[in-house]
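Here the protein sequences come in this chain order: A and B. The working numbering puts the first sequence at residues 4 to 158. The working numbering puts the second sequence at residues 41 to 72. Heads up, the beta-carbon is just placed ideally off N, CA and C, and yes, glycines get one too. Since we're looking at a predicted model, the values are computed, not measured.
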Amino acid sequence: MGAVTYPEPRVVDFLSAHFIPLKVETSPPGAAFKAVLGNHWFNWAPVFVYLAPRGRELRRTLGFYPPESFLAELRFVLGMAELTHSRLPAALEWLTSVPELFPETPTAPEALYWAGAVAYKQEKIPGLVRYWDELRRRYPQSQWATKADVVPARS
Amino acid sequence: MTEIAWLSDYDEAMAQAKETGRPLFADFRVPG
């Protein structure tokens with residue numbers, strides 16, 4: 004990350020504009036480790052944890068992300084942060100921006116899955132199915148498309 | 041801005057997150 008992703012100008016700009024970046028050394032484990040990771044079995048690095056401003060954990064991931072994938076992750080997390088506040092239009096905007104701007108990243112199908120969840124809160128099943136149908140059409144091999152199969156596709 | 045302005049203090053980072061309303065991104069790594 005330090006050699007490729009963090010120096011990328013788009014990453015610098017986006018992370019700086021939307022997040023508070025914290026770098027934590029894990030040996031010895033300090034206050035951040037105990038507060039955030041708790042009993043997590045830390046056996047590989049890097050581990051990334053995203054926290055809402057009041058401390059609620061939004062996402063935890065492991066391992067290297069190239070710049071495009073990392074930018075997709077950041078947008079996804081902003082969507083989840085808005086969702087925790089029930090700011091549904093803003094959540095939907097961030098989540099749908101992932102498959103729109105970074106369609107080839109692993110986060111794109113997951114973002115569509117969650118866009119369906121947000122749309123469900125707004126419009127119930129019709130909203131959900133709109134995004135989950137798109138998910139199944141664009142990413143049929145994704146585990147998220149499999150999860151969406153709990154609701155039948157529109158014919 | 042040309043590089044990420046990393047914080048290293050958890051309490052300061054959480055205080056800034058609360059003040060700005062931005063989420064915190066924490067990179068946990070092994071020393072090296």
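- In the structure shown, P24 (chain A) falls within a strand segment according to DSSP collapsed to helix, strand and coil.
- Judged by DSSP in its simplified three-state form, E137 (chain A) adopts helix.
- In the three-state reduction of the DSSP assignment, T110 (chain A) falls in the helix class.
- In this structure, A:L61 is the residue among A:D16, A:N46, A:L61, A:A38 with its C-alpha nearest to the C-alpha of F65 (chain B).
- For A20 (chain A), the closest alpha carbon among the candidates B:D67, B:F68, B:P63 is that of B:P63.
- R63 (chain A): member of the beta strand (DSSP E) spanning 60 to 65, first to last residue.
- At a cut-off of 8 Å, the C-beta of D136 (chain A) has no neighbouring C-beta in chain B.
- V121 (chain A) is not a Cβ neighbour of R157 (chain A), given a cutoff of 8 Å.
- By the neighbour-count definition (other C-beta atoms within 10 Å, threshold 16), A6 (chain A) is an exposed residue.
- Bounds of any beta strand (DSSP E) do not take in Y68 (chain A), whose DSSP letter is neither H nor E.
- Here L74 (chain A) really is in contact with F17 (chain A); their C-beta atoms are around 6 Å apart, less than 8 Å.
- Along the stretch 10 to 23 of chain A, the positions whose C-beta sits under 9 Å from a C-beta of chain B are P10, P12, V14, V15, D16, L18, S19, A20, H21, F22, I23, read in chain order.
- Chain-ordered, the chain B residues with CB closer than 7 Å to the CB of G58 (chain A) read M54.
- Straight across, the Cα-Cα distance linking V153 (chain A) with W46 (chain B) is about 42 Å.
- About 4 Å separates the beta carbons of A118 (chain A) and L98 (chain A), which is inside the 8 Å limit, making them a contact pair.
- Under the 10 Å beta carbon count, E107 (chain A) is surrounded by fewer than 16 other beta carbons and is classified as exposed.
- At least one C-beta of chain B is nearer than 8 Å to the C-beta of F51 (chain A).
- V132 (chain A) has a beta carbon lying at 8 Å or more from every beta carbon in chain B.
- Chain B places a beta carbon closer than 8 Å to that of V80 (chain A), counting this residue as a contact.
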